[in-house]
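Only one structure is covered here, and it is reproduced in the block below.
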Amino acid sequence: MKALLEQVREGAVTPDAALDQIKTLPFEDLGFAKVDHHRAVRVGVPEVIFGPGKTAENFAEIFTRLAARGNNVLATRVSSEQVSAARARFSAAEHNPLARTLVLRQKDEKLGKGTIGIVSAGTSDIPVAEEAAVTAEIMGNDITRVFDVGVAGLHRLLAHSEELRQARVLVVCAGMEGALPSVVGGLVGVPVIAVPTSVGYGAAFGGIAALLGMINSCASNVSVVNIDNGFGAAFVASLINRL
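Okay, here's the thing in structure tokens:
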């Protein structure tokens, strides 16, 4: 609102055009979706699009309305059809097929005070870790990736001890028994956000075993998000990194 008023004062935006924008400042009703343009003001981050369940046409329209406000746009768990529909309108949008994200960069701003470390136990956990990495980057953070350092070979993790200690907050993704966040938590003095992944054999129960193991961590600096929720972990890590 302040930026809009400044533009009116400078003559860059007419009062009538400003009025049109004000009408949709809280949210914009598209019929099939109510696009929350006010979220960046409330929580410091624009609305993020969750791909599943949306038609390609509806996805592209939501993407377009968010982009029109000049903010960076992030969509997660996108399908190839959704990517094609959005990129037909925004050729500069970046698709990360491993993370299943689509990003439109319209601002280059650093909001984090330090580095967020993104850690994966195995290469099978990298898709979830990459979702976290993309999210943290587009939210204005410097990140470092430390991948494939699970507890089956602790020497691999210890080789990155200095990188882990330099991070201001860590996101640690692990499947199987979910032990890695506890180990990392015991090595560093910063918040560790644990992400259980759905990687594992039958008794892993699609990530439930890792989730329970992380919730019961004896490392007091470990908190846990939902199974495969790299986005949610990075979102919280980004807010911590701004404090």
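Here the working numbering is used: the first residue of the sequence shown is -12, the next is one more, and so on.
Idealized CB from N, CA, C, for every residue including glycine.
query                                                                                                                                                : result
For P168, which option in A146, S204 and T184 has the closest C-alpha, if you only look at C-alpha atoms?                                            : S204
Considering only the alpha carbon of each residue, which of V223, H24 and R132 lies closest to A55?                                                  : H24
Grab the span of the beta strand (DSSP E) containing L89 for me, first residue to last.                                                              : T88 to L91
Assuming M201 contacts A181 (C-beta within less than 8 Å), just tell me the rounded distance between them.                                           : 4 Å
Tell me, which residues are paired with T131 by DSSP?                                                                                                : G104
Please report the distance separating the alpha-carbon of L199 from that of M(-12).                                                                  : 44 Å
Which first and last residues belong to the beta strand (DSSP E) in which P183 is found?                                                             : V179 to P183
Assign D16 to one of three DSSP states: helix, strand, or coil.                                                                                      : strand
Taking 8 Å as the cut-off, decide whether the C-beta atoms of C160 and A120 are in contact.                                                          : no
Let's see if you can read the secondary structure: which residues bound the alpha helix (DSSP H) around N228?                                        : G217 to R229
So, at 8 Å on beta carbons, what are the nonlocal neighbours of L(-8) in its own chain, with the 5 sequence-adjacent residues on each side left out? : A5
Compute the Euclidean distance between the alpha carbons of F222 and D3, then round it to the nearest angstrom.                                      : 36 Å
Going by DSSP in three states, N59 sits in which element: helix, strand or coil?                                                                     : coil
Look up I36 in the DSSP assignment and give the residues it is bridged to.                                                                           : A62
Note down the Cα distance separating G219 from E48, rounded to an integer number of angstroms.                                                       : 24 Å
Is the distance from the Cβ of G140 to the Cβ of L98 below 8 Å?                                                                                      : no
Using three-state DSSP, classify E164 as helix, strand or coil.                                                                                      : coil
What are the partner residues of E68, as DSSP defines its beta bridges?                                                                              : In the DSSP output, where bridge partners are listed per residue, E68 has none listed.
Confirm, please, whether the CB-CB distance from F46 to G38 is below 8 Å.                                                                            : yes
Since V209 is in the beta strand (DSSP E), which residue starts that stretch and which ends it?                                                      : V209 to V211
In whole angstroms, give me the CA-to-CA distance for N213 and P183.                                                                                 : 7 Å
Taking H142 as part of the beta strand (DSSP E), name the residues at either end of that continuous run.                                             : Not the beta strand (DSSP E): H142 falls in the alpha helix (DSSP H), residues L141 to L145.
Hey, quick one: how far does the beta strand (DSSP E) through E81 stretch, first residue to last?                                                    : E81 to N83
Mark E34 as exposed unless 16 or more other C-beta atoms lie within 10 angstroms of its C-beta, in which case mark it buried.                        : buried
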